[in-house]
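Undergrad: Position 366, counted from 1, in the sequence shown is what our numbering calls 366; the numbers after and before it change by one each time, with no gaps.
Beta carbons are placed, not taken as given, at the ideal position from N, Cα and C, and that holds for glycine.
Got a structure for you, questions after.
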Amino acid sequence: GRAHIGVTGLAVMGSNIARNFARRGHTVAVHNRSRAKTDALIDTYGHEGDFVPAGTIEEFLDALQTPRRVLVMVQAGAATDAVINELADNMDAGDIIIDGGNSLYTDTIRREAAMRERGLHFVGAGISGGEEGALNGPSIMPGGPAESYRHLGPLLESISAHVDGEPCCTHVGPDGSGHFVKMVHNGIEYADMQLIGEAFDLMRTALGMPIAEIGEVFRQWNSGDLESYLVEITAEVLGQVDTRTGRPLVEMIVDSAGQKGTGRWTVKSALDLGVPTTGIAEAVFARALSSATDQRERARELQGGATTAAPVDTAEFIAAINEALYASKVVAYAQGFDQIVAGSREYGWDIAPGDLATIWRGGCIIRATFLDRIKEAYAEDPDLPSLLLAPYFRAAVEDAVDSWRRVVSTATLTGVPVPAFSSSLSYYDALRAERLPAALTQGLRDYFGAHTYRRVDMEGDFHTLWGGDRSEQRV
Ligand code: NDP
């Protein structure tokens, strides 16, 4: 065989990644379950590089140099299992299967163990950046055995995005770690989009601004601290005029948000790990609420009470929204990184959070100037207890907190829902609180369930005889 790598699954993602490999000078074997996609790729883009089209798995594997490297880009779930098993049946010890789809990390842990048993290397690689990233340089998060990265790293790094000369691809850790961090990346993307949506809603509803003007505000924000791909494309989407009606397109789009599952997975994992990833959870639930269309239809008749008028100084309030958005975003990322650290500890992955900030600076959907600051924060202190405690972010959030409170209270008074802004602020206040009402929770738990509590002034577990003489016992 002469191909450096094979790609099977030539839908949007697979065909663009195959072209990316070919354009970087690699010989790429290409395969798809149904032949039509393979032929279409060769017909349209065959001239871009050195492709070896294959009709069957056997032909496909024969075309590859050994150890064989095969990137699987098919639908996550059962399809991925079917393709992996078919490949494994026809591969030799030492060959490498890379799953580049959005697989659930626990599936990746299971598949890696099964492939290892068969003498194969299995690399679950998170790939972010959508269609455009796949073609021009995605952010790649490969897990799996460190040894396989030696065979694979240079190849993957050559097609990834680069920032300041550094590839947006690094070995994340063993087995499912790559898909785990990709999942949290997607969760952070949900939170980011929800926060942007809330900022937009405040300008539209509380300030009554025309959509085009709001788009202009986001365009300006994109040259400041908030500079990011998502803020950039927010300006683009808000600037789009509907060709049918001449109105802003966003007003013609049904306000019910879809989801494919990675946000939900992140929140489930956060619950299992006991990490308060509230920003991502609010974002997932906000999409669910938006999609509860029948319930919303009936609930439109509910009265909102005496909501107050919009703030008078529009420019000043827009600046406050910018600060609230920034501070809430810091919280969402702090929580996401906490979840990664917790997952890493739970599964023994030894993930370096700073490496992720580095590879998320380019290629992926959450790419932002902001990630440079996160990279620096972890470089200064790899064991940072929270991003909120990194000097740069601490100063930024402390500067923003007055505006943040004003935005959340104004939203409340004007009746604009801001679940992510407000829960992020509550998270911040809870995290820095001297005392939390959890002491009362413990008292209640001890009252009805004898769950015991600890005291601030002495060691041990205690129980009060609530139903008796109310004396306290050490247990
Ligand atoms: P799809 O998720 O739509 O999957 C379609 C591909 O899967 C086709 O090539 C199809 O083959 C193949 N397929 C489906 N079932 C089987 C099966 N049983 N056996 C063999 N092949 C099968 O493709 P996308 O390109 O959108 O996504 C690929 C992967 O990348 C997915 O896991 C997805 O979640 C992930 N993804 C990642 C994105 C990102 O930004 N990182 C964006 C989009 C997707 P056929 O043509 O024969 O039907």
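Can you tell me whether V536 is buried or exposed? The criterion is at least 16 other CB atoms within 10 Å of its CB, across all chains shown.
TA: Any question about residue 536 goes unanswered here, given that the chain covers just 1 to 475.
Undergrad: From which residue to which residue does the alpha helix (DSSP H) around A377 run?
TA: Element bounds for A377: 370 to 380.
Undergrad: Using the beta carbon as the reference atom, which residues fall closer than 6 Å to any heavy atom of ligand 1, ordered along the chain?
TA: Chain-ordered list of matching residues: G9, L10, A11, V12, M13, G14, N32, R33, S34, K37, M73, V74, Q75, A76, A79, A82, V83, G101, N102, I127, S128, G129, G130.
Undergrad: Grab the span of the beta strand (DSSP E) containing I340 for me, first residue to last.
TA: Run containing I340: none in the beta strand (DSSP E); it sits in the alpha helix (DSSP H), 314 to 347.
Undergrad: So, is Y149 buried or exposed, given that buried needs 16 or more other C-beta atoms within 10 angstroms?
TA: Y149 should be labelled buried.
Undergrad: Out of G173, G153, P174, H185, which has the shortest C-alpha to C-alpha gap to P167?
TA: That would be G153, whose Cα lies nearest to the Cα of P167.
Undergrad: For a test of the three-state rule: what should DSSP assign to V275, helix, strand or coil?
TA: V275: coil per DSSP, three-state reduction.
Undergrad: Do you know offhand how far T170's Cα is from I253's?
TA: In a straight line, the C-alpha of T170 is about 38 Å away from that of I253.
Undergrad: Determine the extent of the alpha helix (DSSP H) in which G354 is found, giving its start and end residues.
TA: Element bounds for G354: 353 to 359.
Undergrad: For the region 213 to 240, which segments carrying the alpha helix (DSSP H) assignment without a break, of at least 4 residues, lie completely within its bounds, in sequence order?
TA: Those alpha helix (DSSP H) runs which fall completely within the region 213 to 240 and span 4+ residues are 229 to 239.
Undergrad: For A320 versus S423, is the C-beta distance shorter than 8 Å?
TA: Not in contact: A320 and S423 (Cβ atoms no closer than 8 Å).
Undergrad: Just list the beta strand (DSSP E) runs in the region 118 to 171, keeping only unbroken ones of 3 residues or longer that don't cross its boundaries, in chain order.
TA: Runs of the beta strand (DSSP E) inside the region 118 to 171: 121 to 128, 139 to 142.
Undergrad: Would you identify the three-state DSSP class for E472, choosing helix, strand or coil?
TA: Looking at E472 - three-state DSSP - the assignment turns out to be strand.
Undergrad: Can you grab the Cα-Cα spacing for the pair L135 / L226, in whole Å?
TA: So the alpha carbons of these two residues sit roughly 26 Å apart.
Undergrad: Are the region 211 to 224 and the region 358 to 368 touching by the rule of at least three beta carbon pairs closer than 8 Å?
TA: No, they do not touch.
Undergrad: Can you tell me the Cβ-Cβ gap for V30 and I17, rounded? I've got them flagged as a contact below 8 Å.
TA: Not quite, the Cβ-Cβ distance comes to about 10 Å (not below 8 Å), so this is no contact.
Undergrad: Sorted by chain position, which residues of the same chain lie with C-beta nearer than 7 Å to R394's C-beta, five sequence neighbours on each side aside?
TA: These residues qualify, in order along the chain: L388.
Undergrad: Using CA atoms only, rank isn't needed, just tell me which of G178, V408, A257, D242 is closest to L104.
TA: Comparing Cα-Cα distances from L104 to each of G178, V408, A257, D242, the minimum goes to G178.
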